[in-house]
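Report on one structure; see the data block that follows.
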Amino acid sequence: MVLNQAVADLAKLNQLGFKLSVAINVSTRQCINNQTYRFEQLLAATIKKYQVAATDIHIEITESMLMTDDDINMRTLTAIRSLGCQIYMDDFGTGYSSLSYLKRFPINVIKIDRSFIENSTNSHADKNLIAAIVSMGKSLEMKLVAEGIETIEQWQYLQQLGCNFAQGYLLSKPLPFDTLVDLLNQTQQQSLLLHTDVAMA
Numbered sequence: 042m043v044l045n046q047a048v049a050d051l052a053k054l055n056q057l058g059f060k061l062s063v064a065i066n067v068s069t070r071q072c073i074n075n076q077t078y079r080f081e082q083l084l085a086a087t088i089k090k091y092q093v094a095a096t097d098i099h100i101e102i103t104e105s106m107l108m109t110d111d112d113i114n115m116r117t118l119t120a121i122r123s124l125g126c127q128i129y130m131d132d133f134g135t136g137y138s139s140l141s142y143l144k145r146f147p148i149n150v151i152k153i154d155r156s157f158i159e160n161s162t163n164s165h166a167d168k169n170l171i172a173a174i175v176s177m178g179k180s181l182e183m184k185l186v187a188e189g190i191e192t193i194e195q196w197q198y199l200q201q202l203g204c205n206f207a208q209g210y211l212l213s214k215p216l217p218f219d220t221l222v223d224l225l226n227q228t229q230q231q232s233l234l235l236h237t238d239v240a241m242a
């Protein structure tokens, strides 16, 4: 199961000294249609098994999940939040986006879909949509993630609007675990060299 593998990898990274968080995509079927154990029970058991911080687990859902059974959704998402995990609304803007979803359900973070980002530097319509989403998220005191960032120009524009985080090939392509560890080690070494240079200056 993806949940088990993701949390196991997070535990390994923690043991190697890397303080990271992991975002896990969860489908509607996984989240609310499990007949044996409720998803929040599986999540709690997995967190306990690998001894990771629940605050480092981010559960990504889509808008379609919120369009099914409100009572079940509310119970499930509230239970996930009560564990200490954050809930991300993935691909926001591509479905039946509604402010009522964001107000009613315990969402922490909005992820702006990449389809808006890819033309953000040359499309006034996409720029306006992104600005509206960022403004809405900030007014609801939610963090925002821009998906599909591939150029520095895109990220600079999103930062100017107040977007908190970036995801995309500008930062890195998906990596196998061992390659990720190598990259983290390199980044850590570069950071140590930078701090040493600053301290010596």
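Sequence positions in the sequence shown follow the working numbering and run 42 to 242. For each residue, glycine too, the CB sits at the ideal point set by N, CA and C.
Between ILE148 and THR103, what straight-line distance do the alpha-carbon atoms span, to the nearest angstrom?
11 Å
Applying the 10 Å Cβ sphere with the 16-neighbour rule, what's the burial state of LEU161?
In the sequence as presented, Leu is not what sits at residue 161; that position holds Ser. Classification for SER161: buried.
Other residues of its chain near THR96: CB distance less than 6 Å, five sequence neighbours each side excluded:
GLY125
Check this for me: beta carbons of ILE190 and ALA172, under 8 Å apart or not?
no
State the DSSP-derived secondary structure class of GLU127, mapped to helix, strand or coil.
It is worth fixing the name first, because residue 127 is Gln in this sequence and not Glu. When secondary structure is reduced to three states using DSSP, GLN127 falls in the strand class.
Once DSSP output is grouped into helix, strand and coil, what is the label at ASN66?
If DSSP states are grouped into helix, strand and coil, ASN66 belongs with the strands.
By alpha-carbon positions, which one of LEU221, ASN114, GLN227, THR228 ends up nearest to LYS53?
LEU221
Of the listed residues GLN229, LYS144, ASP167, LYS168, nearest to SER180 (C-alpha basis):
Closest option to SER180, Cα to Cα, is LYS144.
Can you tell me whether ILE174 is buried or exposed, with buried defined as 16 or more other CB within 10 angstroms of its CB?
By the neighbour-count rule (16 or more Cβ atoms within 10 Å), ILE174 is buried.
Given a cut-off of 8 Å, decide if LEU185 and ILE151 are closer than it, judged by their beta-carbon atoms.
yes
Could you give the first and the last residue of the continuous alpha helix (DSSP H) run that contains THR87?
80-91
Along the chain, where does the beta strand (DSSP E) containing ALA187 start, and where does it finish?
184-187
Own chain partners of ASP50 with C-beta closer than 8 Å, once the 5 adjacent residues on each side are dropped
Around ASP50: VAL63, PHE218.
Straight-line gap, LYS60 to ALA94 (C-alpha atoms, nearest Å):
Each residue's alpha carbon lies about 10 Å from the other.
Got a sec? Which residues, its chain only, sit under 7 Å from THR135 by beta carbon, not counting five neighbours each side?
Scanning its chain for C-beta atoms nearer than 7 Å, with the 5 sequence neighbours on each side dropped, one finds around THR135 the residues ASP154, SER156, in chain order.
Should TYR210 go down as buried or exposed, given a rule of 16 or more other Cβ atoms within 10 Å for buried?
With fewer than 16 other Cβ atoms within 10 Å, it is exposed.
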